[in-house]
Ligand code: ACO
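Numbering (the working numbering), first residue to last: 914 to 1255.
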């Protein structure tokens, strides 16, 4: 890949140290499609309710033997191909996920094995739907500090394993998939201009999975009580999502001295079309600035903005030199935003 020039002189680079470029992106979604019509046969719902309340038409569901690490590895190989990076070059792998293959070892180690990235250190980050932005910022720190030259950042989820398929309040919302990015320092280039992260543990109960941890280990009773499925208070989560995504996006823009009109493409977490529209409105963005693929994939949590970023790049919606704002919100509560010069 030829080095790119920093083409937006008004945008301020907010990091200490050498610049961190996004050298390549990639994504993967499973082939099985679950439509709203399919869900009508599983719970008391309708295509009309799902579409008008969420904007989702269909979502992808991983095959039985297809795990989070498999989807992560597929997305990674595509990002590595775009960046022209081999497995041996990767110094660090960070996987953001709330659906690891198993409690331990971490999914990043399983991805390392699948890629043959023998030199890489590997760990997971758990920040729910904000996970990819958290991981991006962590990865960026290793590049700007000159600790590592090549970092692979992944958001990957097999949410279909923690969705209660008898609960219409949640089962219509989620899907499976993975997205990845290769971070490097490239001559004369800027990628990540800033990243902000935030959290509010006081609202941890709005969206959580009670079973499977040290508080409620798996027992026959915990399984019978359906504690190994996610639970969400939708309305409160919605309100917090709009507020947190707006706040994080504003802060990221401020740190780069940018106005929303200078952003070519806004990539919001794909949870609900009404959340995306409300955040866009508050930011003063035009609808054409917002990237949406929620209708096809639903909410893929940590994979959401990573898949959308890849689709925006590969579809030509984002061109070299364009400014991109990514913003997410999730369980924790957590939130984050980043500005990338592509
Ligand atoms: N089909 C039909 N009816 C339904 C369905 C369904 N699938 N789901 C809920 N309903 C019913 C409810 O039972 C309720 O009926 P009632 O009034 O008789 O009790 C009615 O529809 C309205 O429910 P509300 O909760 O008021 O619907 P709302 O407009 O708030 O939409 C939704 C619900 C889509 C969940 C919304 O609140 C939302 O998107 N919340 C945010 C989710 C989110 O952003 N999550 C992000 C983080 S995800 C992560 O971190 C993993």
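The beta-carbon is built from N, C-alpha and C at its ideal position, and this holds for glycine as well.
- For residue 1066, the distance from the CB to the nearest heavy atom of ligand 1 is not below 7 Å.
- Across the structure, residue 1011 and residue 984 are spaced so that their CA atoms are roughly 14 Å apart.
- Residue state for residue 955 is assigned as coil, using DSSP reduced to three classes.
- Fewer than three pairs of CB atoms, one per stretch, sit closer than 8 Å, so the stretch 976-995 makes no contact with the stretch 958-966.
- Here residue 977 carries a coil assignment [DSSP, helix/strand/coil].
- Proximity to residue 1089 across 1230, 1238, 1053 and 944 peaks at 944, based on C-alpha coordinates.
- The stretch 1002-1088 contains, as complete alpha helix (DSSP H) runs of 4+ residues, the segments 1020-1028, 1044-1057 and 1081-1084 (chain order).
- Judged by DSSP in its simplified three-state form, residue 1121 adopts strand.
- Under the three-state reduction of DSSP output, residue 1140 falls in the coil class, being neither helix nor strand.
- Pairing residue 1038 with residue 969, the inter-Cα distance amounts to about 27 Å.
- Within the chosen limit of 7 Å, ligand 1 reaches the beta carbon of residue 1148 through at least one heavy atom.
- One Cα belongs to residue 1250, the other to residue 1110, and the distance between them is close to 7 Å.
- Less than 8 Å separates the beta-carbon of residue 1219 from that of residue 1092.
- With 16 or more other Cβ atoms inside 10 Å of its own Cβ, residue 1183 counts as buried.
- Inter-segment contact for the stretch 1192-1207 and the stretch 1069-1085 is absent: fewer than three beta-carbon pairs are separated by less than 8 Å.
- Segment contact: the stretch 1165-1180 against the stretch 1234-1252, three or more CB-CB distances shorter than 8 Å; contact assigned.
- The beta carbon of residue 947 sits closer than 7 Å to the beta carbons of 971, 972 and 974 from its chain, once the five residues preceding and following it are set aside; these are given in chain order.
- Residue 1022 sits close to residue 1035, with the two beta carbons spaced by under 8 Å.
- Contact between residue 1025 and residue 1006 is confirmed by a C-beta separation of about 5 Å, below the 8 Å threshold.
- With respect to the 8 Å criterion, residue 1044 and residue 1215 are classified as neighbours on the basis of their beta carbons.
- In this structure, 1169 is the residue among 1156, 981, 1169 and 953 with its C-alpha nearest to the C-alpha of residue 1103.
- Residue 931: not part of any beta strand (DSSP E); DSSP gives it neither H nor E.
- Within the same chain, 1153 and 1246 come within 7 Å of residue 1116 by CB-CB distance, once the 5 residues on both sides are set aside.
- Distance from the Cα of residue 1096 is smallest, within the candidate group 1081, 1129, 1055 and 1076, for 1055.
- Closest option to residue 1177, judged by alpha-carbon separation, among 1158, 1225 and 1084: 1225.
- Nearest in C-alpha terms to residue 949, of all of 1085, 1151, 1165 and 1243, is 1085.
- In this structure, residue 1081 and residue 931 do not form a Cβ contact; the two beta carbons are roughly 50 Å apart against a cut-off of 8 Å.
- Per DSSP, reduced to three states, the secondary structure at residue 1151 is helical.
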